[in-house]
Structure formats: structure tokens, C-alpha cells
Amino acid sequence: MAGWRFITSVLLAMAVPWTALAENHISSGDWPQFRGRFAAGVADGQNPPLSWNVDTGADVHWKTAIPGLGHASPVILGNNVFVVTAVGSDPTPRLRVGLYGDIAPVENEESQSWQLYCLSKHDGRILWERTL
């Protein structure tokens, strides 16, 4: 049992510096997880618009049609935006919520295909897609 404790300690000691190195490679313009770096909800050095209008295009730099319904936070790393979506067999999917808008699971027997898209941060062009 003591041997496993030693091995675990060594692995943790090796992992901590690698984690620190990985964190140093994240630039201030990256958004690596939900709510951004450290899940703080702060985008240091960024100047996002305070309002926008999708219909008129005011302060909308680009938009890209992504099939299915995705509710995950996008991830921004370097010049790439990563988006996950669930694509079903219904050609016009709609959000299904529980009773009174409850977020409880809703029965859905439709088969789903999870897709990962990589978009260009500059123009929204789809660079590649993968089925997960």
C-alpha cells in the first residue's frame, strides 16, 4: 500500500509543473472553458461590444450556421473557436424543456450525433468538423 502512495506522490509531483506550463500557454485572448480562464467570467484586455443586433449586423463580426442544438460554452484557443453540437434526425430541431421551463431531462428517443466544429475566429469559416 505504501508503494502506491509513493507512486501517486511522484505522479502528482510530475503533473503539477506540467499543469503550470500548460496554463502559461493560454493567452489573454483565449477562452479555454465555461466562464473563461479560471472560470472567472473575466476577459482581460478585451473590449466586447455592449450591444449588438443580429438582424442588422450591428457589432456582429460574423455568424455561422451550425446544425443541431448545442448548449455548451464555446472554447477559444488562438485563432480557433471550438463548438460542440448534438445533431439529431429531425431537420428542424427545437429546444425541448420540461414542465414550466424546468431544466429536468426531457424524454427524447431520437438518435443524436455529437459533432465538434473548429471555426476561424476571424471570419467564422468552418475549418474542420469531427463526429465524437
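Numbering that gives the first Met the number 0 puts the first residue of the sequence shown at 0, with every later residue one more than the last.
A virtual CB, placed ideally from N, CA and C, is assigned to each residue, including glycine.
| Beta carbon of Leu126, beta carbon of Trp113: below 8 angstroms? | Mapped onto the sequence shown, residue 126 falls at position 127. Mapped onto the sequence shown, residue 113 falls at position 114. For Leu126 and Trp113, no; Cβs fall outside 8 angstroms.
| Alpha-carbon to alpha-carbon, Leu94 and Arg129 | In the sequence shown, the residue the question calls residue 129 occupies position 130. In the sequence shown, the residue the question calls residue 94 occupies position 95. One C-alpha to the other measures close to 23 angstroms.
| said: Assuming the contact rule is C-beta atoms closer than 8 angstroms, Ala39 and Gly67 should be a hit. Round their C-beta distance to whole Å, please. | reply: On the sequence shown, position 40 is the one that residue 39 refers to. On the sequence shown, position 68 is the one that residue 67 refers to. The Cβ separation is near 29 angstroms, so there is no contact.
| beta strand (DSSP E) segments (min. 3 residues) lying fully within the segment 13 to 96 | 74 to 76, 79 to 87
| In three-state DSSP terms, what is Leu115? | Residue mapping note: residue 115 aligns to position 116 of the sequence shown, counting from 1. Of the three classes helix, strand and coil, the one that applies to Leu115 here is strand, per DSSP.
| query | If you follow the beta strand (DSSP E) that Glu128 is part of, which residue opens it and which one closes it? | reply | Taking the first residue of the sequence shown as position 1, residue 128 is located at position 129. Element bounds for Glu128: 125 to 130.
| message | Suppose you measure from the CA of Lys120 to the CA of Gln111; what does that come to, to the nearest Å? | response | Taking the first residue of the sequence shown as position 1, residue 120 is located at position 121. Taking the first residue of the sequence shown as position 1, residue 111 is located at position 112. Approximately 27 angstroms, taken between the alpha carbons.
| query | Would you call Gly100 buried or exposed, if buried means 16 or more other Cβ atoms sit within 10 Å of its Cβ? | reply | Residue 100 sits at position 101 when you count from the first residue of the sequence shown. Classification for Gly100: exposed.
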